[in-house]
Structures are given as C-alpha cells and as structure tokens.
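A.B. asks: Residue numbers (the working numbering), protein chains in the order written: chain A, 1 to 195; chain B, 1001 to 1195; chain C, 2001 to 2195; chain D, 3001 to 3195.
Yeah, the Cβ is synthetic: ideal placement off N, Cα and C, and Gly gets one too.
There are 4 protein chains.
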Amino acid sequence: MGDKSLHKKNYIIEKAREVFQKKGYRAVTMKDIVDACGISRGGLYLYFSSTKELFEEIIGQEEKDAKTVIAAARDKDTTPATLMFVYLNEQKKEILKKNDNLSAAIFEYLFENKASKNDNPVIKRIRSDIDELEKLIIDGVEQEWIDCDNPKAAAKNLVYTIEGLKVTAQTSGLTADDLDKEIEYIMGTFGLVVE
Amino acid sequence: MGDKSLHKKNYIIEKAREVFQKKGYRAVTMKDIVDACGISRGGLYLYFSSTKELFEEIIGQEEKDAKTVIAAARDKDTTPATLMFVYLNEQKKEILKKNDNLSAAIFEYLFENKASKNDNPVIKRIRSDIDELEKLIIDGVEQEWIDCDNPKAAAKNLVYTIEGLKVTAQTSGLTADDLDKEIEYIMGTFGLVVE
Amino acid sequence: MGDKSLHKKNYIIEKAREVFQKKGYRAVTMKDIVDACGISRGGLYLYFSSTKELFEEIIGQEEKDAKTVIAAARDKDTTPATLMFVYLNEQKKEILKKNDNLSAAIFEYLFENKASKNDNPVIKRIRSDIDELEKLIIDGVEQEWIDCDNPKAAAKNLVYTIEGLKVTAQTSGLTADDLDKEIEYIMGTFGLVVE
Amino acid sequence: MGDKSLHKKNYIIEKAREVFQKKGYRAVTMKDIVDACGISRGGLYLYFSSTKELFEEIIGQEEKDAKTVIAAARDKDTTPATLMFVYLNEQKKEILKKNDNLSAAIFEYLFENKASKNDNPVIKRIRSDIDELEKLIIDGVEQEWIDCDNPKAAAKNLVYTIEGLKVTAQTSGLTADDLDKEIEYIMGTFGLVVE
DNA sequence: TATGAATGAGTCTTCATTCAT
DNA sequence: AATGAATGAAGACTCATTCAT
Chain A
1 MGDKSLHKKN YIIEKAREVF QKKGYRAVTM KDIVDACGIS RGGLYLYFSS TKELFEEIIG
61 QEEKDAKTVI AAARDKDTTP ATLMFVYLNE QKKEILKKND NLSAAIFEYL FENKASKNDN
121 PVIKRIRSDI DELEKLIIDG VEQEWIDCDN PKAAAKNLVY TIEGLKVTAQ TSGLTADDLD
181 KEIEYIMGTF GLVVE
Chain B
1001 MGDKSLHKKN YIIEKAREVF QKKGYRAVTM KDIVDACGIS RGGLYLYFSS TKELFEEIIG
1061 QEEKDAKTVI AAARDKDTTP ATLMFVYLNE QKKEILKKND NLSAAIFEYL FENKASKNDN
1121 PVIKRIRSDI DELEKLIIDG VEQEWIDCDN PKAAAKNLVY TIEGLKVTAQ TSGLTADDLD
1181 KEIEYIMGTF GLVVE
Chain C
2001 MGDKSLHKKN YIIEKAREVF QKKGYRAVTM KDIVDACGIS RGGLYLYFSS TKELFEEIIG
2061 QEEKDAKTVI AAARDKDTTP ATLMFVYLNE QKKEILKKND NLSAAIFEYL FENKASKNDN
2121 PVIKRIRSDI DELEKLIIDG VEQEWIDCDN PKAAAKNLVY TIEGLKVTAQ TSGLTADDLD
2181 KEIEYIMGTF GLVVE
Chain D
3001 MGDKSLHKKN YIIEKAREVF QKKGYRAVTM KDIVDACGIS RGGLYLYFSS TKELFEEIIG
3061 QEEKDAKTVI AAARDKDTTP ATLMFVYLNE QKKEILKKND NLSAAIFEYL FENKASKNDN
3121 PVIKRIRSDI DELEKLIIDG VEQEWIDCDN PKAAAKNLVY TIEGLKVTAQ TSGLTADDLD
3181 KEIEYIMGTF GLVVE
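1) Rounded C-beta distance between A/E94 and B/N1157? I'm assuming under 8 Å.
2) Are the beta-carbon atoms of B/F1111 and A/E108 separated by less than 8 Å?
3) Quick check on DSSP: helix, strand or coil for C/T2175?
4) Could you tell me the alpha carbon to alpha carbon distance between B/N1089 and B/L1096, rounded to whole angstroms?
5) By the 10 Å Cβ neighbour count, where 16 or more other Cβ atoms means buried, how is B/V1193 classified, buried or exposed?
6) Mark D/Q3170 as exposed unless 16 or more other C-beta atoms lie within 10 angstroms of its C-beta, in which case mark it buried.
7) Measuring straight from C-alpha to C-alpha, what distance separates D/T3029 and D/D3035?
8) What is the DSSP secondary structure of A/A27, reduced to helix, strand or coil?
9) Candidates A/I59, A/L46, A/D3, A/I138: which alpha carbon is nearest A/Y25's?
10) What residue range does the alpha helix (DSSP H) around A/L102 cover?
11) Tell me whether D/N3150 sits in a helix, a strand or coil according to DSSP, three-state version.
12) Can you pull the chain C neighbours of D/I3162, defined as C-beta to C-beta under 9 Å?
13) Tell me the residue span of the alpha helix (DSSP H) that contains C/F2085.
14) For B/T1078, is the classification buried or exposed, using 16 other Cβ atoms within 10 angstroms of its Cβ as the cut-off for buried?
15) Spell out whether any CB of chain B is found under 8 Å from the CB atom of A/I58.
16) Please classify B/A1071 as buried or exposed, where buried requires at least 16 neighbouring CB atoms within 10 angstroms.
17) If we cut at 8 Å on Cβ distances, does C/F2111 have a partner in chain D?
18) Comparing the C-beta of A/T171 with each C-beta of chain B, is any distance below 8 Å?
19) Less than 8 Å between CB atoms is the rule here; does B/V1122 satisfy it with respect to chain A?
20) Identify each residue in the region 97-108 of chain A for which the Cβ-Cβ distance to at least one residue of chain B is less than 7 Å, and report them in chain order.
21) If we cut at 8 Å on Cβ distances, does D/Y3185 have a partner in chain C?
22) Answer yes or no: does any C-beta atom of chain A fall closer than 8 Å to that of B/A943?
23) Quick one, are the C-beta atoms of A/P151 and A/I130 less than 8 Å apart?
24) Is A/A176 near the ligand PLP, judged by its Cβ being under 7 Å from some heavy atom?
25) Let me see if you follow: with CB-CB separation under 8 Å, is D/K3023 close to chain C or not?
26) Just the chain C side, please: which residues come within less than 8 Å of D/E3132 by C-beta, in chain order?
27) Checking contacts by CB at 8 Å: is C/R2074 closer than that to chain D?
28) Could you tell me whether any Cβ in chain B is nearer than 8 Å to the Cβ of A/V167?
29) Considering Cα atoms alone, identify which of C/I2013, C/K2166, C/A2153 is closest to D/V3159.
30) Where do the N-terminal and C-terminal ends of the alpha helix (DSSP H) with C/V2193 fall, by residue?
31) With a cut-off of 8 Å on the beta carbons, I'd call B/L1044 and B/I1013 a contact; round off their distance for me.
32) Using a Cβ-Cβ cutoff of less than 7 Å, which residues in the same chain neighbour A/E134 once the five nearest sequence positions on both sides are dropped?
33) Near B/Q1143, which residues of its chain fall below 8 Å by C-beta distance, leaving aside the five closest residues on each side in sequence?
34) DSSP three-state call for A/Q143: helix, strand or coil?
35) Taking C/R2041 as part of the alpha helix (DSSP H), name the residues at either end of that continuous run.
36) Identify the contact partners of D/K3156 in chain C, using a Cβ-Cβ distance below 7 Å as the criterion.
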C-alpha cells in the first residue's frame, strides 16, 4: 500500500469515525461509510471488509489511556494530587463531548463482542488504567499527599466509577456541573481538596 | 382489550424478555419474537408494531429500584449499615446473572434513543435510586452508623459506580470476587465493615 | 406447509427446471428463478434458500433409472433382449432432448459437489443401474438370449458408455443416427441383433 | 509481440492452467489468475481480456490425442494389440490425475459454450481419435490380432466409453482397479487378453 | 382475532473492467 | 508495457410490514 492509498485509508478512518460518533456501532452500515466518504462500494472494500474491521482500526488508535494523560501532565514539580485532578478533568472533557466521542459506539461494540474479550483494546486500556492509577495513589500515599488504605481497590473503584459516568452521560445525560461535583467528591475520598 | 388478549400480551412480553436477554436489543427481529412465541407474524403485529414498542413495555415493568430492594429488607431492627450491604449484594446478584438480565439490551436501547431521554424509565430509576440512597445515608449518619459529609454526592457517586460495574461486567467481565472486593471497598468509604 | 403453498412449491420447481435445462447449473441465479416464476425475491426464499437446494429437489424427482424403465417394459413375454433394447432406446430419447433435459446441469452440479459424493442421487442412480443391468444380463445369459462372460463388467461398461454418450451429446452433439448405430453396436457385443 | 511478451504470455498460460485444474472453469476469476501469476490486473488484460479467451488458448495447446499417443508408442515391432493397450493405459493415467487434469474445466467450458460447437478443439480431438482408433483396429484386423466386424462403430464406442469414464471419474470417482477391470473388459471385446 | 404467504426495499459482497500514472 | 486504485453493476440474502382469508 503506497503513500497515496495510506492517505485514503486515513481519510476513510476519519470520515468513519464521524459516522460512528453519530450513529453508534451497530447501526452503521458499509453504505453509511461509503456515503460519508463519497467513494464507491467496491472502493471501500479495498481498504476494509466490514464495519467491525474498520471500527477496530479506529479504536486501536483512539483510546487515550491514563498513562498517556498522566505522563503528559507530569513534570518534576507536579504533585500526585495535581495529577489525579488533571486525569479526572481529562475524563470530564471527554465525557462532555457526548456526540463527539466514541463511547456509545464502543459500548455497543463490546456488547456485541463479549466472546473475544481479552484481546480488545478497551479492556486492555481499563487494565492499564487501573495499574496506572494504583501507582499514582501509592506515590501519593508515600509522599503523604493522598490518604488511602487500599490503593488497588481504590484504583479499581475509580475506574468503575468513571466507566459509570461515561455510560450515564450517554444514556441519561450529565452536565459539567454534575461532573465537577463528582470530581470534588472523588478528590475528597482521597483527602484531597479541589481549589 | 379483553382478559384473553391481555393474557396473550403478557405471554408475548414474557417470551420477548428472554429473547432480549439473550440477543441484546438491536439484534432482535420481529421474527425472533414470533419464533419464540410460536405465533404468527400478523398476530404479533396486533399487539406490538415494532421491537422498540415491545422493548419499552418490557423495561417499563422491569426495573428493580433501590426503593423496592431497601423497603423489602427494612424492618424495625435493621440498621442502615445492613440495608446498604443488602442493597449492594442485590446489585451483585443482578450483575452476576450476566446473560440473564437485560442490562446489555437496555444500554443498547438507550444509546439508540438518546433523544427521548427524560421520559425513559432508566433515567427515572437512576434518579430515584440516588434519592433513596441519599435518604439511607442521611439516616445512617443520624444514627451514627455511617460516616459521610455529603450524602447527596456520596449517593450519586455510588449510583455511578454501580452503573460502571454493570457495564464493565457486560463488556469486560467481572467475577464474584471482584464484586465482593468492590463492595468491601465501598462499605469502607462509609466507615462500615463487612463482617 | 398447506396445500396452497405446496402447489406453489411445485410451480417453482417446474419453472426452475426449465431454467436449469436452458442455462445449466452454475449459471443459474436466484434472480433467474425469481424472474421465471414471476414472484418476489423474498417469496422464493420462503421455499428454497439456494439454487443448490432447489436443484437437489429437482434431481431427486428427476432420475429415471434403469429399474423403472425396465420394470415398465417387463411383462411375461418380454425377453431380456427386448428389455435391453427398450432400455437403450429410452436413453436415446432422453439424450436427444438435448436442450430439454438436465444432463448438462447435472454434470455441472456434480463437478461442483465432488466432496459430498456418496449421498447424491446421481451416483445412487449409477450404482443401481449397474446392478439392474447386471441382473438383466445374467437373466439373458441363463435364458440363452445373451452372450456374455462377465456380466458385471459388461454392465459397468454399458453404464460408462451411456454416460459418455450423454456427455458427448451435450458437448459435441450426437444425432439420432449416431445413437442408432451405437445401439446396434452395443446390441451386437451381446450377440443380439436389432430388427 | 516481442520475445519477452511471448515469454510472459506463456508464463500466464502456465499458471492459469494450474488454476483451472484446481477450480474448474466457471469458478475462476481474473483475480485468481492475477494472484497466481503475481502480476497486476491491468497487466493481465494486456494479454487476455477474459478467462474464456485464456481458457481457449490453454485447451488449444492441451489435447493429447490418440494420434500422438499411438505415434509415440509405435515402432516397427509394436503390435496393434499392444498399441491399443498403451492407448488405454495412457487414458487411465490421465483419468487418475483427477485434480491435475483439465477435464472438469473442459466439460464446464463446453456446457457453457454449446453454441460454438464445431470449431472447438474437443470435438476435433474426438473426431480425430475416432479416426485414429478406427485405423488401428483395421490394422489389427488385417494382421489378425484384433477381432472386429465393424471397426468404425467399435472406434466410436470406445471413444464414448472413454468419455464416460472421464466424466464418471470426475463426478463419482473411479479407482485404478475400476479402470484396470474396464480396460480388461474392453480388450476382451476385441478378443485381446491383458497379460 | 389470527394466520402466514408475499412483497420489495435495503445491505452486503464480489467481479470484470477501466484508466491515470 | 505495467501498475493497482477505483468504479458500478449484479447477485445474495434478510427484514419489516401488509393483506387476503
């Protein structure tokens, strides 16, 4: 695949992402993609042979995990408390882009692909997030910023809560204010205060 | 609609629920329902004109909310701490019946019907759960069983976490042990100990 | 399936046979059948879900085997010599209906389904023809009408030759005269004379 | 067309033959050829504009006729009986290479192209085989090796039988033993004994 | 009320064929 | 000569929905 077709592949991915954001996962047909891209049916099949394949390519590139977010924010003066806050706020921003993010599609995709669970990027991201947050909490405890008896359980609880916020935002709607209060509460459970 | 028709309608709902539990929401066709019920296509249309209509009827009857669970467990000697534990265990039981509950189907339904949010039974149930748990926490604080500064925020956080557990169980899988640890952690955040 | 739909099924089979006679096996599409029957695509699928299924139904009804032909011609005064002649002439008649028989389609079908060989009606018919002709030859030898050292080998040879005539008629064309001469020759190998 | 092009054309024919042997005639697509040759779609079209054209080129080169086989075996000491045996054995060898010969593809091709019969190489080969075998039989009769009243009819019968064996091998399967017995029987009809 | 045959629109998928480079 | 991306037509198959009985 030459430079040119790589370009086209990326173009398709770009357009398809928009479609998945708007319509979720299951509702998307190859025709939707074809129409969004303005290419021929056959043309699309040159690059992707199903919406599933296409979607997997997209989420492979998509997931912004805790590691990345935290790493980006970390410098020598950043405290664990600040990092936690940055992470939660990043999640908030993602959640609020409701029609502009892939969570609905991702959930649908996962419901449909329960069987082949272990190798999918979302589950990997969840596991890695738990690990990363655990490390962050342990750091915070050691530096006496964070108050926590059971860092692993706390990390898991946090990740489940964030998944809950994502899904609730999709299904029932959450406002910026709802999320701010939630962040404040979570910070409080670690003995941290939002300034 | 006479008694006989009502009886048949309930029969259809019953069978359809099983179908939705097994296949989710979007994947279910009118034919699936017809086959499960052993009735004719035309016959089904006399009662329900789409899977959506049928599904809405089902979830209207479905939701076991916190109020019901807590009310069932309450008697004059039950402490708020015990009620909290009972509630969390009820959730655990529901979550573990993974292929035998409607959550996957409900999530799918909601993703597909974001627009008509406010009148959907799930959002009503979430609101009512928050209220009910808030009351429980306030009771617990007053009776000095529970330790909590901000009962409303705590109730919301708990509901979001449970939504997160439900969805994670569907998409990534959770074991009984995972849930026990999570329950223990949650109880701990209220200063409660699982015996 | 009620009387009415059985009637329709037979109607489809009837029309489909004409299509297979005209176009062979592989070239026939569900659309061809639909057009020939003047019904809708979906309608056809109610009865048959592939051209293969339809074709198998047709050839199941189709094969006129040696047993049937010979049985039909047999009465107490019929000699083995006559029966042999009747059988060969029946084959001749079938072969000459070139565009009106299914042999081309059957050969194509068999080429495409070599794997599942043993249970197909054509192979069964070939085996049964060999047996039937062997019996006929043995009868003929016993009654001193037919001259043959190895009835089984002779029966096989005859069946192969007839298959060869069928296929040659399809691929290269054979006239009534070609077939008459061939029948005369075959009769001769058994010491029989065509009157 | 220069030497280089001719070389490439032959290369394509070579590879395509393998494809036709494996997949028959109708099932072969231009893409199959392209893949087998490792050339581009456009490149193939420079040489052949359809699978039909390509296939006709192949069978034009293909046929090993009786003339060639018999000529190859003939030397001054070879008897007609031996030549007959050599010819039959050559056919046997061809027939047993079931997935490695073109007969299935050729039959399919002929079924699909009945119209343009007279100029097709198969019918020419059949005619020439009949002639060649007739000559052989006549020779044999003159040299008192072969016993036959009607050499032309016998030659035709033999050719039809061999066509029947080819097609039966493809559709129903024939073993080496089946063929040996058949050869023995055929030799017997000419008063010849297989040693 | 109830049946189930029938329809036709919609989607998926594959291929021969073209054409700019 | 050669490439391979792109097209669009053709066929398979499924479903929601209707309607005569």
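C.D. replies: If we stick to the structure as given:
1) Contact flag wrong, Cβ pair sits at about 19 Å.
2) yes
3) coil
4) 11 Å
5) exposed
6) buried
7) 10 Å
8) coil
9) A/I59
10) Note, A/L102: premise wrong, no alpha helix (DSSP H); not H, not E.
11) coil
12) Y2160, G2164
13) 2080-2096
14) exposed
15) no
16) exposed
17) yes
18) yes
19) yes
20) A104, F107, E108
21) yes
22) Summary: the structure shown does not reach residue 943 of chain B, with chain B confined to residues 1001 through 1195, and so no result is reported for it.
23) no
24) The ligand PLP is not part of the structure shown, which contains no ligands of any sort.
25) no
26) Those do not exist, as D/E3132 stays about 16 Å from chain C at its closest Cβ, beyond 8 Å.
27) no
28) yes
29) C/K2166
30) Careful: C/V2193 lies outside any alpha helix (DSSP H) and carries neither H nor E.
31) Rounded, the Cβ-Cβ distance is 12 Å, inconsistent with contact.
32) P151, K152, A155
33) T1079, P1080
34) coil
35) 2041-2047
36) E2182
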